[in-house]
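Written out below as structure tokens is the structure these notes cover.
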């Protein structure tokens, strides 16, 4: 996510709205993004207890079309795309050729022979090149639609009730991972009952030119604007992995609790992904000292792993972390995490830390 000093940061369609709201902006994956507005804890609590809205327009969208679309997606992913029906979405992985992940993605089935994939912002160019390379021999057309869409994530227990008066669709009838066209504030959008916070909610695909108007209307009906800071604390409490932290092109993805994403089929890199991982992702709770990515995790003074993500949990009021540790130590209950030369005790806890 390092940015060339001469390369300007990209801006989402909501950039002006963030500046108007006084957001603190930071570079993220090549984008100028809001990390917070009123403050991370207030935004986090709004999503846990009411409803918040995030700008996730920096994510990439690729359309996959053609008679070979399903066969192609089955070839380049680990999950079983054939289980999808039009109007349904699925979490999936793009495996690399040597055991890590190119990315973790979401696939939305639009119609027979047509899918929309959403990829991580910092991986758009890499994913596009990877998919183009493996499309050879398949009757498939790939279209990069990343600039076409604004993408807003509305999340929290009050999301459905706040949205319902402003849409033409019965939202209560839409189950998790539903994907459907709708009117929202009179605009044509696609809604998906998906999210990355551990709360109920929807992701709103809207034409980039209309995104700012929809954003303003969401704020006007009671949604709280939330930035990347709250997005990270929410996803960490929910035990969701983040590419570049818990997943990468060098981390074995089966070290996580997500083995269910790998189905029994032949795909890119399948022989590597089936090898047993040497590390395991665990959850850690600390009493006082927050820990960050890269901090050493120890047993008896010996380094056995490292923190992949850490924060002070707004929900629980104490520090939490996810860490990759050597598989043979993963069932132990007490670890130490080294912070600035001093070891602090940490207790292993089951993931996720928080479940609605």
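Residue numbers (the working numbering): 38 to 393. We put the CB at the ideal spot given by N, CA and C, even for glycine.
Expressed to the nearest angstrom, what Euclidean distance is found between the alpha-carbon atoms of residue 385 and residue 357?
Cα atoms of residue 385 and residue 357: separation of roughly 10 Å, rounded to the nearest angstrom.
Please tell me whether residue 231 and residue 84 are closer than 9 Å, where the distance is taken between their beta carbons.
Not a contact, by the Cβ cut-off of 9 Å.
What three-state label does DSSP hand residue 27 in the structure shown?
The structure shown does not extend to residue 27, since the chain spans only 38 to 393, so no value can be given for it.
Please classify residue 335: is it buried, with 16 or more other beta-carbons within 10 angstroms of its beta-carbon, or exposed?
Buried is the call here.
C-beta atoms of residue 145 and residue 227 nearer than 9 Å
Yes.
So residue 168 packs on residue 113, CB below 8 Å; how close in whole Å?
Contact holds; Cβ gap of about 6 Å.
Simplified DSSP state of residue 144, which is helix, strand or coil
Residue 144 falls in the strand class under three-state DSSP.
Burial state of residue 210 (16 or more Cβ within 10 Å):
Residue burial is scored here from C-beta neighbours: residue 210 has fewer than 16 other C-beta atoms within 10 angstroms and is therefore classed as exposed.
By Cβ distance below 6 Å, which residues in the same chain neighbour residue 273 in space, the five residues on each side in sequence not counted?
Cβ neighbours of residue 273 within its own chain (closer than 6 Å, five residues either side excluded): 346, 348.
Assign residue 253 to one of three DSSP states: helix, strand, or coil.
It is helical.
Beta carbon of residue 179 nearer than 9 Å to that of residue 98
For the pair residue 179 and residue 98, the CB atoms are not nearer than the 9 Å cut-off.
Among the residues of its own chain, which have a CB less than 6 Å from the CB of residue 268, if the five just before and after it don't count?
For residue 268, where only same-chain residues beyond five positions count, the Cβ hits under 6 Å are 91.
Out of 233, 69, 70, 77, which has the shortest C-alpha to C-alpha gap to residue 351?
Looking at the Cα atoms, 77 is the closest of the given residues.
Once you ignore the five residues that flank residue 38 on each side, which residues in its own chain have a CB closer than 6 Å to its CB?
Residue confidence for residue 38 is low, a pLDDT of 46 falling below 50, so the modelled location carries little weight; the figure read from the coordinates is stated next. In chain order, 66, 159 place their CB closer than 6 Å to the CB of residue 38, counting only its own chain and leaving out the 5 sequence neighbours on each side.
Straight-line CA distance for residue 333 to residue 324?
Rounded to the nearest angstrom, the two C-alpha atoms are 17 Å apart.
Just how far apart, CA to CA, sit residue 214 and residue 270?
For residue 214 and residue 270, the gap between their C-alpha atoms comes out near 22 Å.
Applying the criterion that 16 or more other CB atoms from any shown protein chain within 10 Å of the CB defines a buried residue, is residue 234 buried or exposed?
So residue 234 ends up on the buried side.
Option in 79, 362, 291 with minimal Cα separation from residue 89:
Of the residues 79, 362, 291, the one whose Cα lies closest to the Cα of residue 89 is 79.
Compute every distance between the C-beta of residue 175 and the non-hydrogen atoms of the ligand GTP, then say whether any falls below 8 Å.
As presented, the structure is devoid of all ligands, the ligand GTP included, so that no description of it is given.
How should residue 50 be labelled, buried or exposed, when 16 other C-beta atoms within 10 angstroms of its C-beta is the threshold for buried?
So residue 50 counts as buried.
In the DSSP output, what is residue 65 paired with across the bridge?
Bridge partners of residue 65: 68.
N- and C-terminal bounds of the alpha helix (DSSP H) containing residue 307:
Run containing residue 307: 307-310, per the alpha helix (DSSP H) assignment.
Restricting to runs no shorter than 3 residues, where is the beta strand (DSSP E) found entirely within the region 125-198?
For the region 125-198, whole beta strand (DSSP E) runs of length 3 or above, ordered along the chain, are 126-132, 138-148, 151-156, 178-181, 186-192.
My output table needs one value for residue 365: the three-state DSSP class, helix, strand or coil.
In the structure shown, residue 365 adopts helical secondary structure according to DSSP, grouped into three states.
Can you check which of these residues, 138, 329, 103, 199, is closest to residue 284 by C-alpha distance?
Comparing Cα-Cα distances from residue 284 to each of 138, 329, 103, 199, the minimum goes to 138.
Report, in whole angstroms, the separation of the C-beta atoms of residue 366 and residue 373, which I expect to be a contact under 8 Å.
Going by Cβ atoms, the distance from residue 366 to residue 373 rounds to 12 Å, so no, they are not a contact pair.
Measure the alpha-carbon distance for residue 390 versus residue 174 and round it to whole angstroms.
Rounded to whole angstroms, residue 390 to residue 174 spans 44 Å at the Cα level.
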